[in-house]
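Note that my numbering numbers the sequence shown so that position 212 is 222, with each residue one more than the last.
C-beta: ideal position from N, C-alpha, C; glycine also.
Shown next, in structure tokens, is the structure this report addresses.
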Amino acid sequence: YRYSQEQESFFEDKKLSALFENIPVINTLIEDSNGNLWYSYNESLGVLLKNKNGSFTRNQAPFSNLTGNLVNNYISVNTIDPSNIFIGLTDGLTHYDSKIPNSFITKPKAFIESFSFPKDTILIGNLKTVSKEFRLPYSSNHVKFTFSSPTYENQENLLYSYKLEPFDESWRNWSTVAIKEYTNLREGSYIMKIRAKNSYGIISDISEVKFTISPPWYRHFLAYLLYFFLVIGAVYIISNRIQSKIRKNKYYETIEQRRLYLEKESKIRYEQHELEKEIEKLKNDKLQIKILAKDKELVNNSLQVVKKNKVLNGIIHKLKDIDTNILDDSTKFEFNKLHKSIVKEVNTDKSWKDLEKHIKNVHFDFLKRLKEKYPTISPRELDLSTYLLMNMSTKEIAEIMNISGGGVELARYRLRKKLGLNKKENLIGFLMSI
Numbered sequence: 011y012r013y014s015q016e017q018e019s020f021f022e023d024k025k026l027s028a029l030f031e032n033i034p035v036i037n038t039l040i041e042d043s044n045g046n047l048w049y050s051y052n053e054s055l056g057v058l059l060k061n062k063n064g065s066f067t068r069n070q071a072p073f074s075n076l077t078g079n080l081v082n083n084y085i086s087v088n089t090i091d092p093s094n095i096f097i098g099l100t101d102g103l104t105h106y107d108s109k110i111p112n113s114f115i116t117k118p119k120a121f122i123e124s125f126s127f128p129k130d131t132i133l134i135g136n137l138k139t140v141s142k143e144f145r146l147p148y149s150s151n152h153v154k155f156t157f158s159s160p161t162y163e164n165q166e167n168l169l170y171s172y173k174l175e176p177f178d179e180s181w182r183n184w185s186t187v188a189i190k191e192y193t194n195l196r197e198g199s200y201i202m203k204i205r206a207k208n209s210y211g212i213i214s215d216i217s218e219v220k221f222t223i224s225p226p227w228y229r230h231f232l233a234y235l236l237y238f239f240l241v242i243g244a245v246y247i248i249s250n251r252i253q254s255k256i257r258k259n260k261y262y263e264t265i266e267q268r269r270l271y272l273e274k275e276s277k278i279r280y281e282q283h284e285l286e287k288e289i290e291k292l293k294n295d296k297l298q299i300k301i302l303a304k305d306k307e308l309v310n311n312s313l314q315v316v317k318k319n320k321v322l323n324g325i326i327h328k329l330k331d332i333d334t335n336i337l338d339d340s341t342k343f344e345f346n347k348l349h350k351s352i353v354k355e356v357n358t359d360k361s362w363k364d365l366e367k368h369i370k371n372v373h374f375d376f377l378k379r380l381k382e383k384y385p386t387i388s389p390r391e392l393d394l395s396t397y398l399l400m401n402m403s404t405k406e407i408a409e410i411m412n413i414s415g416g417g418v419e420l421a422r423y424r425l426r427k428k429l430g431l432n433k434k435e436n437l438i439g440f441l442m443s444i
């Protein structure tokens, strides 16, 4: 910065600032009697020598061996002329002649002395570049390098910088340490590069060593090839299993559909059979109803015939009481003719048999159920049960069974006892419930 008396303020001198570009933080800056700018940084000294045209030339190399011997935060420079410049140090003075060229300063050399890894150490010596590329097993991915430089002037100010490609993205900072180790390096090709810088700030050419770390067996090309075939095999097996499962599912689905179809067909056939049976039953029921209706009609007719026979028998008994001797011959002939015709009309046995037959036909199911439920019941009691079911009176039952009214009551009592009925239970209602 410069001070402007007109503006009474400091302003940046951009031309001068450009001269200090890429220079570390400056601790002290002074101007000598010849217009040269002296500056200190990191205990080192440098100068911007003023040329005749007003430009500046930066010079740091001649003062590199003074590093660490300067007075802290202070520059003591006494310029008599360009050939006689005295610089104050902590232990005396040093003389500097700016007219002497820097041609006596040579470029240093840097070498990788040794390259070691588990179970082996390779001595490289003073070879700048090793043409051979070393191949290491993955178990030797721990490597160490040692550096050297045949520089005998100010060795304490000799610095090294290194870079392992592609592990390091950039060059490491300058350091006096001449050893570097790398551990757990992955498989791949590497180039170890090293360079040196002497006390005058001159940087050497790069020395390098190439080496390759083989991958572990499980990351080897053959291993990946094996993995590839294993994956292909697994995909093939899984695909086959999936296809097999799909086919099996389709098979089971087909079987299930077939089973459902057969069940449906069987159900349809069963329903059709049941429908046919129902139709046949309806036909039989209808026919049975017709038969029962006819049998009931025949029962009624038979009862009428029985009653008619009873009336005719009464007439016959009354005709027997008439004395035919008092009748004339023609009347007697007509009387006998009438008697014979009445006797001819009477067919008691056939009427009773027809009546019993028709009654049993009409009430066949009832008699069957009653017999199954009460196996000890007698045929006479079955007939009585049928007559009671037909709601016949005691008188009608007595006439049909050819017993007295008291006999009918006695038969009813015995029937109730066999059926296990008490006095309060209705006999006819019980018979109708069977």
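Within 10 angstroms of the beta-carbon of Phe155 lie 16 or more other beta-carbons, which makes it buried. When C-alpha distances from Phe374 are compared across Asp393, Thr386 and Ser388, the shortest belongs to Asp393. Residue state for Phe96 is assigned as strand, using DSSP reduced to three classes. Across the set Asp42, Phe66 and Gly102, the C-alpha of Phe66 shows the shortest separation from the C-alpha of Leu26.
In the three-state reduction of the DSSP assignment, Ile444 falls in the coil class, being assigned neither a helical nor a strand state.
Within a 10 Å sphere around the beta-carbon of Thr396 sit 16 or more other beta-carbons, which makes this residue buried. If you draw a straight line from the Cα of Leu285 to the Cα of Arg279, it is about 9 Å long. The beta strand (DSSP E) runs lying completely inside the region 155-214 and spanning 3 residues or more are 169-175, 189-192 and 198-207, given in chain order.
Between Ser74 and Pro92, the C-beta gap is not smaller than 8 Å, which leaves the two residues out of contact.
Cβ-Cβ separation between Lys190 and Tyr172: approximately 6 Å, consistent with a contact (criterion under 8 Å). In the DSSP assignment, Thr104 is bridged to Ile97. Runs of the beta strand (DSSP E) spanning 3 or more residues and lying entirely within the region 353-437 do not occur at all. A distance below 8 Å separates the beta carbons of Leu59 and Asn69.
Per DSSP, Lys24 is one residue of the alpha helix (DSSP H) stretching across Lys24 to Leu29. Tyr170 is the residue among Tyr170, Ile252, Asn183 and Val241 whose C-alpha sits nearest the C-alpha of Ser217. Val35 and Tyr49 do not touch by the CB rule: their CB atoms are close to 10 Å apart, not below 8 Å. Between Lys320 and Glu409 the beta-carbon gap is near 7 Å, inside 8 Å, which marks them as a contact.
A Cβ-Cβ separation of about 5 Å places Ile212 in contact with Lys117 under the 8 Å criterion. Relative to the Cα of Asp215, the nearest Cα in the group Thr222, Phe221, Ile223 and Ile204 belongs to Ile204.
For Glu166 and Leu76, the gap between their C-alpha atoms comes out near 12 Å. An exposed status is given to Asn183, since fewer than 16 other beta-carbon atoms sit within 10 Å of its beta-carbon.
Assignment of Glu143 by DSSP, reduced to helix, strand and coil, places it in the strand class. The residue among Lys354, Val353 and Thr334 with its C-alpha nearest the C-alpha of Phe345 is Thr334.
In this structure, Phe125 places its C-beta atom within 8 Å of the C-beta atom of Val219. Using a 10 angstroms sphere on the CB of Asn46, the tally of other CB atoms reaches 16 or more, which defines it as buried.
The C-alpha of Val372 lies about 18 Å from the C-alpha of Glu406.
In this chain, the beta strand (DSSP E) harbouring Thr131 covers Asp130 to Leu133.
Between Tyr148 and the set Gly64, Thr341 and His230, the nearest pair of CA atoms involves His230. A Cβ-Cβ contact shorter than 8 Å links Phe127 with Ser150.
Leu146 sits away from Ser159, with the two beta carbons spaced by 8 Å or more.
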